[in-house]
Amino acid sequence: MNSETLLDTIPSLDLADFLSDNPERKEKFVQDLGAAFNNIGFVAIKNHGLTNDDTEKLYDNVQKFFFSPDELKMQYAIEGIAGQRGYISKGKETAKGFKVPDLKEFYHVGQPKVDDGDPIWEEYPDNVFPKELPDFEKYTLHTYKTLENAGKTLLKAIALYLELPEDYFEEKVKHGNSILRAIHYFPILNPEALPEGAVRAAAHGDINLITLLMGASAEGLEVLRADGVWIPITSLPDYVVVNVGDMLDRLTNHKLKSTIHRVVNPPKEKLGTSRFSIPFFMHPRSEMNLTCLESCVDATHPKMYVDMTAGEFLNERLIELGLKK
């Protein structure tokens, strides 16, 4: 597959190939992952470590929270931290370049703090968990750690594809500023009253290095192909969908593509239904330098991006999204 091939579906890969003792299997995984990220920016991955039972219990807790009364949910909306932890209510996030907020509410769980003397902990707000749902903390943190581990493994494969040392990202993502976001795309009960252009998630690229999306509860996710055609992404059971974020795109000078994607409103007969989705946004530490790798810049691929750190880039994007003043 070259970067010009137009795909109708995203490639599926098995993380067990990368972790196997067979060097050919491992190398094939690296090349297939790199080719997909060079082309469409998305893959589906199995053997990521989450079981169906984990996923069901997590979704059960998330749904119970979002179906709670607004006054309960608002107790977990934390002022002054730009939506980085806890509950973010409806109408708060607007995709870059759009005027109308997305039709969603969500809950953020960040890096759980450990007492190891790392100065990074001073940068992060504390996690907050709904005390009315005693298992919410357990299942969100378990999912966080499992997807973070899968993400670290994928970053090793990405490093090898870029001809960097396999552990290139390891220290950069240690206690990284990653976020597990549980999203509720609420039912659209009076579509005629919606502001013009209001959708569940307007077209956007993710901010982070890579995103790992566990199976969403309904269709709606679409990816913008290079020829301008939107293709639907249906999450297969037992797979997580992984895509390149803007930070990895910057680092690789657009060799690995952060592809624009969106969540469209459901067909008329399903407007009254909820959609749930739980992405894990893998971020590095804020001091990571996102300057384009020299190996990704040449005469045919001149440098596209100004130099900045991950923290500076995140700050810029949170302001653009309306989460930060």
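Residues in the sequence shown are numbered consecutively from 1, following the UniProt record's numbering.
Where a beta carbon is used, it is the ideal one built from N, C-alpha and C, also for glycine.
No experiment lies behind these values; they were computed from the predicted model shown.
With a beta-carbon spacing of about 17 Å, residue 154 and residue 293 fall beyond the 8 Å limit used to define contacts. Separation of residue 240 and residue 140 (C-alpha to C-alpha, rounded to the nearest whole angstrom) is 16 Å.
Per the Cβ contact rule, the region 29–39 is not in contact with the region 48–59 (fewer than 3 Cβ pairs under 8 Å). With contact defined as three or more Cβ pairs closer than 8 Å, the region 280–294 and the region 184–203 are not in contact. Scanning 21, 11, 81 for the CA closest to the CA of residue 318 turns up 81. Under the 10 Å beta carbon count, residue 247 is surrounded by 16 or more other beta carbons and is classified as buried. For residue 243, the enclosing beta strand (DSSP E) covers residues 239–244. Sixteen is the threshold: since fewer than 16 other Cβ atoms of the shown chains lie within 10 Å of the Cβ of residue 228, the residue is exposed. Residues of the same chain with a CB within less than 7 Å of the CB of residue 76, apart from the 5 flanking positions on each side, are 86, 87, 128, 130 in chain order. The DSSP assignment places complete alpha helix (DSSP H) segments of no fewer than 4 residues inside the UniProt domain "Fe2OG dioxygenase" (175–284) at 246–251, in order along the chain.
Runs of the beta strand (DSSP E) lying entirely within the region 31–63 and spanning at least 3 residues, in chain order: 42–46. Per the Cβ contact rule, the region 143–160 is in contact with the region 264–284 (3 or more Cβ pairs under 8 Å).
Look at the beta carbons and you see the region 219–234 not touching the region 299–310: under three pairs across the two are nearer than 8 Å.
The Cβ-Cβ distance between residue 158 and residue 120 does not fall below 9 Å. DSSP links residue 110 through a beta bridge to 179. Residue 208 sits buried, since 16 or more C-beta atoms from the chains shown fall within 10 Å of its C-beta. Residue 193 is positioned such that its CB atom lies no closer than 9 Å to that of residue 95. Closest in C-alpha terms to residue 233, from the list 38, 250, 43, 21, comes 43. Among the bridge pairs identified by DSSP, residue 71 is matched with none. Residue 63 places its beta carbon 9 Å or farther from that of residue 179. Boundaries of the alpha helix (DSSP H) harbouring residue 318: 310–320, taken from the DSSP string. Assigned with DSSP and collapsed to three states, residue 76 falls in coil, not helix or strand. Here DSSP, grouped into helix, strand and coil, assigns residue 294 to helix.
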